[in-house]
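Novice:
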Amino acid sequence: MAKRALILGSGGPVGIGWEAGLLAGLAEAGVDLSDTDYIVGTSAGSIVGLQIAMGKAIGDLAASILSESAPLSRPLSHLSALPDPDFTNFIDKMAEAIAGKRPAREVRVEIGKWAIGTETISEEMFIAVLGFIFNELVDGGWPDRNFACTAVDALSGEFVVWNKDAGASIRRAIASSCSVPGFFPPITINGRRYMDGGTHSATNADLAKGYDTAVVLAVSGTAGDPEMASQFRAQLDNELAILRESGTQVELLVPDASSIRAFGPNLMDPRNAAGAAEAGLIQGSAEAATLRGIWSD
Numbered sequence: 040m041a042k043r044a045l046i047l048g049s050g051g052p053v054g055i056g057w058e059a060g061l062l063a064g065l066a067e068a069g070v071d072l073s074d075t076d077y078i079v080g081t082s083a084g085s086i087v088g089l090q091i092a093m094g095k096a097i098g099d100l101a102a103s104i105l106s107e108s109a110p111l112s113r114p115l116s117h118l119s120a121l122p123d124p125d126f127t128n129f130i131d132k133m134a135e136a137i138a139g140k141r142p143a144r145e146v147r148v149e150i151g152k153w154a155i156g157t158e159t160i161s162e163e164m165f166i167a168v169l170g171f172i173f174n175e176l177v178d179g180g181w182p183d184r185n186f187a188c189t190a191v192d193a194l195s196g197e198f199v200v201w202n203k204d205a206g207a208s209i210r211r212a213i214a215s216s217c218s219v220p221g222f223f224p225p226i227t228i229n230g231r232r233y234m235d236g237g238t239h240s241a242t243n244a245d246l247a248k249g250y251d252t253a254v255v256l257a258v259s260g261t262a263g264d265p266e267m268a269s270q271f272r273a274q275l276d277n278e279l280a281i282l283r284e285s286g287t288q289v290e291l292l293v294p295d296a297s298s299i300r301a302f303g304p305n306l307m308d309p310r311n312a313a314g315a316a317e318a319g320l321i322q323g324s325a326e327a328a329t330l331r332g333i334w335s336d
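To convert, count from 1 in the sequence shown and add 39; that's the working numbering.
Next up, the structure:
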């Protein structure tokens, strides 16, 4: 039987909404991407991916975001009393790393140093406000399914893939994958500090190398500054090329024009998550015909 992988990229609370809606729209149209052999999540994608790996129905995940009681605003609501961080340097360094002007790992070390030195909520509070995704975990352990999330060592710049064999608790692994520098604190795991896997790549799609089929959901890099979006896309294209060269059949899904309009200017604004989910739901229904041929046994 062909082996399939699902890659879920970064994108803040808005990206969570879009990915959940897109997956629900696809499922309603007969293409269930949760029926997969490997799930990889980066940042926002780690939250969506974990819930799928835990067995939560895609429709229920989307419905919770579409409802007025959706909990996506909780992680950000605790930041209101803190000074707004200056992201100019962070954005410049991300662009520098992606463009290859200097060794990317060297630049990530500088980003990590800035992230550690920036005042945010505590690690414990961040993990607590992400706790809604663990409500269905009885013992707080890793799911039995083949699930991984990504992070970066804030001290060394090393890229890390967390899974059930990596020696990290699921709560801290997910929090580290979602630790956007400047917004949230790098997370301590086994004496090291880890930050958002998106500082390495918004998708890390090449982790699906060797699988027969991979569907990649990419949120970041589709809007905003055109030059940086182009650099993100070049990085993604390189990852997709690696997959295809390994023999993997790849389908890339990015937000359509209606979804991008629903996103608004800030992917970290949870107020736009429900609108993004609704747009994703419609887009998923439209994309199903394209995927039906490759996502079959």
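Backbone N, C-alpha and C define an ideal beta-carbon position, used for all residues, glycine too.
Rounded to a whole number of angstroms, what is the C-alpha to C-alpha distance between GLN90 and ILE97?
Specialist: Rounded to the nearest angstrom, the two C-alpha atoms are 9 Å apart.
Novice: Could you check whether ALA318 and GLY60 sit closer than 8 Å to each other, using their CB atoms as the reference points?
Specialist: yes
Novice: Here's the rule I'm using: 16 or more other beta-carbon atoms within 10 Å means buried, otherwise exposed. How should ASP74 be labelled?
Specialist: exposed
Novice: Buried or exposed, going by whether 16 or more other CB atoms sit within 10 Å of the CB of ASN277?
Specialist: exposed
Novice: Excluding the 5 residues flanking SER161 on each side, which residues of the same chain have their C-beta closer than 8 Å to its C-beta?
Specialist: These residues qualify, in order along the chain: PRO224.
Novice: Assuming THR81 contacts GLY303 under a Cβ cut-off of 8 Å, what Cβ separation, rounded to an integer in Å, is found between them?
Specialist: THR81 to GLY303, Cβ: 21 Å. No contact.
Novice: If you count every other CB in all the chains shown that lies within 10 Å of the CB of GLY249, and 16 or more means buried, which is it?
Specialist: exposed
Novice: Going by DSSP in three states, ALA44 sits in which element: helix, strand or coil?
Specialist: strand
Novice: Per the contact definition of three or more C-beta pairs closer than 8 Å, is the stretch 287-307 in contact with the stretch 162-170?
Specialist: no
Novice: Would you say the stretch 217-233 touches the stretch 268-284, given that touching needs at least three Cβ pairs under 8 Å?
Specialist: no
Novice: What span of residues does the alpha helix (DSSP H) with VAL70 cover, start to end?
Specialist: VAL70 -> no alpha helix (DSSP H), and no H or E assigned at all.
Novice: Can you list, in chain order, the residues of its chain whose CB lies under 6 Å from that of SER218, leaving out five sequence neighbours each side?
Specialist: Closer than 6 Å at the Cβ level, and outside the excluded window around SER218, lie PRO225, ILE226, MET234 and ASP235.
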